[in-house]
Structure formats: structure tokens, C-alpha cells
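Numbered per UniProt numbering, the sequence shown spans residues 1 to 333. For glycine and all other residues, C-beta sits at the position ideal for the given N, C-alpha and C.
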Amino acid sequence: MADKYILKVTAGPGYDTADHVSVPVNDASTVKISSELADVELNVRIQNYGGLPRGSDKTSSYFSTEPHKANNDQYSICLRFTPKKPEGSSERGISGEDLQFGNDFDHPIRDHLPPGFQTALNIVKWLIDPGLEGDAYADAPYLFGPALSSFNTIYCGRGSEDAEKGGLVFEEGGDEKGGSKGREEVGAPGTGKERMKWALKAENKKAWVWEFGRTYGLDFFNPYLDFERFALRLPGFRLSILRYWDGQGLRYVLRNKQTKETYLVVMFSLYLKEDVNEDGTLKVSEEEAKSRAAIARPTSPSSSDDEGEEQKPLPELALVDKKLAETRLNDVD
Numbered sequence: 001m002a003d004k005y006i007l008k009v010t011a012g013p014g015y016d017t018a019d020h021v022s023v024p025v026n027d028a029s030t031v032k033i034s035s036e037l038a039d040v041e042l043n044v045r046i047q048n049y050g051g052l053p054r055g056s057d058k059t060s061s062y063f064s065t066e067p068h069k070a071n072n073d074q075y076s077i078c079l080r081f082t083p084k085k086p087e088g089s090s091e092r093g094i095s096g097e098d099l100q101f102g103n104d105f106d107h108p109i110r111d112h113l114p115p116g117f118q119t120a121l122n123i124v125k126w127l128i129d130p131g132l133e134g135d136a137y138a139d140a141p142y143l144f145g146p147a148l149s150s151f152n153t154i155y156c157g158r159g160s161e162d163a164e165k166g167g168l169v170f171e172e173g174g175d176e177k178g179g180s181k182g183r184e185e186v187g188a189p190g191t192g193k194e195r196m197k198w199a200l201k202a203e204n205k206k207a208w209v210w211e212f213g214r215t216y217g218l219d220f221f222n223p224y225l226d227f228e229r230f231a232l233r234l235p236g237f238r239l240s241i242l243r244y245w246d247g248q249g250l251r252y253v254l255r256n257k258q259t260k261e262t263y264l265v266v267m268f269s270l271y272l273k274e275d276v277n278e279d280g281t282l283k284v285s286e287e288e289a290k291s292r293a294a295i296a297r298p299t300s301p302s303s304s305d306d307e308g309e310e311q312k313p314l315p316e317l318a319l320v321d322k323k324l325a326e327t328r329l330n331d332v333d
């Protein structure tokens, strides 16, 4: 069933997709997005990619580098982020409490959530970011965490750009132009995993400032979303996204918690292949394409898409959730 669909990735400074540009997935060159709030340079990489633009590389050399090879990472949203100082502002930057990264939706998804969803969400929070907060049952569902604990890699500086490694390449740390010193002054650990854990404490988020005019290298990646089969794969849990999908795109947003201003929106949209022209444009309106794609989704497991294995029995999910909770309690400082 998944082969009926094609994926398109767009990005822009806000929610209006009319202001978005197409993202050349797995291309080493960056997409540049500028607004009065920030300058962004973006790479999106996806394993086993078969989407738009047509002729896109199936993968990126990024996935052959460590730690991505060992992790079996399936996708990456990697960017240079330079926040701009608003006119009249007396602040030196954005508080670590306020810069958020996560997902939101325009319409309710509560009627489309699968059995065992809450347990799956608990697993996601444990594996990706315990700082995630949100409400999947709201009229406008959301799930956001502090950027400080959400991004796997944060480099305070421009970092490097290497076409042979897939484009933007960042390591945890900072440059010699104040990046390393700034991290040391607030006590940020030198590894990504330790910094993500450190950032869960309120006093550490308050101490961190995303300085206006300074460039940061940010990389978000994980092995849990399979864009080839449109499936979520977690320990003890595998779910076909298509079966519960309502046509809305998967939207990643970098935003300000206090002002609700957006710095970057990356949209992953699914369309029926029959609704897409050779040049990647839609044969019908955006809304009609989304509606048609949702109507055509499968409603039962399909062996051809390996969906028959998708969900573990709820008792087994509960055991996974309990084990993760015990592990987390033992890991708390």
C-alpha cells in the first residue's frame, strides 16, 4: 500500500506552505531560509528515499558516518540557526526555556490514534526527549520540547560543511569564537547525551541563552521513523502510520514558546502518486490532494507492506512501558 504514495518535503519560516520551498532531500547543498527572526541553512536526509523531487538520491553519505551508521538512523533534520535580534529588544538572546522544537497539527487527531498510543508516546519520550510536553487529544494537537534537550547535536558556531559527508556536519561542542567558552560558563556537558539530560533541569535551561547574531549547528536524528514504509518503529512496538493517518502532513517546528513566533517549519507531506505531475506539482488543489490521499489509506494490515507485524499486544506494550519507567527511575540523578 505504501507504494501508492509519494513523499514531499518543504520548508519555510512559518506555517503557510505557500511560502515554503521544496527541500532537495539527501542533497549536500543546503536550503537557505531567511526571515526577520532568523537565518537558517537546512539539510534533510532520509534513508531509502523515493520521494520528490524526482531523481533524488536514495540515501546520503551522512548515514555512513558515525554515530548514524551504528544507530541505524533513518532521517535527519540538520540546520544552521542564526536568531536575529528583534527591533527594540533589550534581550541578548532567546532563553533556553523558550526555544522549542517539535510537532503540531492544525486539526484534531484524537479519533485517529491507535490502541496503545499513550504507551508508545511514553517510549518516544524516553528514547528521544524526556522533556517533551504536549496534548495529542487537543483540537490543535502538539508535542514540543526545549530545543536544548531535543536536538541530538548542538554546536555553538557554524560548524563544517562537507559534501562527501552529506552536507552540514556538526559535532557536540563549540568554536573558539566564544562558543566553547559560553558552554563552559553555563556548565553544559561536552557530549550530546549528557547535555540533553542536563537540559532537563529548569535551572540549566534558564542559564542557557541562544544569542542573537550567533550561529548554532543543530542536528535532530533517530532510527524510529521509517519513511520507506511510513511506519513508526520502537522497541516492542511497530505501527503503520498510514492506517491511522488523516491526511495532515508531519510538521517539525522550531518556535518561541513565549511569543509563539516560528523560526523554521519543515513539512513532510504524503500524496497519491497519481495526483502528482512529473515536475512534482499537484494535479489538484493541496486540500483535495490531502483528502484523496487520506481516503485511499489502508484500514487493515497488509502483508505486502509488512504491516501484519505492526502492533504488539497491549500487555506486552505495558511491560515495555514499565521496564522503561524502571530504567528511567534508576537513571535519575
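Exercise. Along the chain, which unbroken stretches of the alpha helix (DSSP H) at least 4 residues long are found entirely within the UniProt region "Disordered" (171-190)?
Worked result: For the UniProt region "Disordered" (171-190), the continuous alpha helix (DSSP H) assignments of 4+ residues that do not extend past its boundaries occur at 179-186, in sequence order.
For this session: Give the C-beta separation of G247 and L52 to the nearest angstrom, bearing in mind that I take them to be a contact with Cβ-Cβ under 8 Å.
Result: The Cβ separation is near 17 Å, so there is no contact.
Problem set entry | Backbone CA spacing between N71 and F170 [nearest angstrom] | If I take the Cα positions, the gap works out to 16 Å.
For this session: For the segment 114-146, list the beta strand (DSSP E) runs that are entirely contained and at least 3 residues long, ordered along the chain.
Result: With a minimum length of 3 residues, the continuous beta strand (DSSP E) runs that stay inside the segment 114-146 are 133-135, 142-146.
For this session: Whole angstroms is fine: what's the gap from residue 336's alpha carbon to F101's?
Result: This structure cannot speak to residue 336, because the chain is shown only from 1 to 333.
Exercise. Based on Cα-Cα distance, which residue from S64, A2, G173 lies nearest to E194?
Worked result: Checking every option, the nearest Cα to that of E194 belongs to G173.
For this session: Counting only runs of 3+ residues fully inside the segment 19-63, write out the beta strand (DSSP E) ranges in chain order.
Result: If you keep only unbroken beta strand (DSSP E) runs of at least 3 residues inside the segment 19-63, you get 31-34, 38-46.
Problem set entry | Continuous alpha helix (DSSP H) assignments of at least 4 residues falling wholly in the segment 192-247 | The qualifying runs are 192-198, 202-207.
Problem set entry | Sub-9 Å separation of Y263 and L7 beta-carbons | In this structure, L7 does not lie closer than 9 Å to Y263 by Cβ.
Exercise. Taking Cβ positions, are L239 and A120 nearer each other than 9 Å?
Worked result: Cβ atoms of L239 and A120: closer than 9 Å.
Problem set entry | N-terminal and C-terminal residue of the alpha helix (DSSP H) that I295 is part of | Start and end: 286-295.
For this session: Can you give me the start and stop residues for the beta strand (DSSP E) that N256 sits inside?
Result: Segment 250-256, the beta strand (DSSP E) holding N256.
For this session: Give the straight-line distance between the Cα atoms of E133 and G55, rounded to the nearest whole angstrom.
Result: Between E133 and G55, the alpha-carbon positions lie close to 38 Å from each other.
For this session: Kindly indicate which three-state DSSP category K69 falls into: helix, strand or coil?
Result: Here K69 sits in helix by DSSP.
Exercise. Does the Cβ of L242 lie closer than 8 Å to at least one heavy atom of the ligand SAH?
Worked result: By its list of ligands, the structure shown contains no ligand whatsoever, and the ligand SAH lies outside what it can speak to.
Exercise. Hey, out of K32, A2, G187, W126, whose CA is closest to G145's CA?
Worked result: Of the listed residues, the one whose Cα sits closest to G145 is W126.
Problem set entry | Cβ neighbour criterion (16 or more within 10 Å) applied to I123 | The residue is buried, with at least 16 neighbouring Cβ atoms inside 10 Å.
For this session: State the DSSP-derived secondary structure class of D162, mapped to helix, strand or coil.
Result: Strand at D162.
Exercise. What residue does the beta strand (DSSP E) around L282 start on, and which one ends it?
Worked result: No beta strand (DSSP E) contains L282, which DSSP labels as neither H nor E.
Problem set entry | C-alpha distance - A11 paired with G249, whole-angstrom precision | Straight-line Cα distance between these residues: approximately 12 Å.
Exercise. In its own chain, which residues sit with a C-beta less than 6 Å from the C-beta of R110, not counting the 5 before and 5 after it?
Worked result: Only Y137 meet the Cβ criterion.
Exercise. In the structure shown, what three-state DSSP assignment does K323 receive?
Worked result: Low per-residue confidence applies at K323: pLDDT is 46, beneath 50, and the placement is therefore not dependable, though the value from the model is reported in the following sentence. If DSSP states are grouped into helix, strand and coil, K323 belongs with the helices.
For this session: Tell me, please, which residues DSSP counts as bridged to residue 395.
Result: Limits of the chain in this structure are 1 at one end and 333 at the other, which puts residue 395 out of reach.
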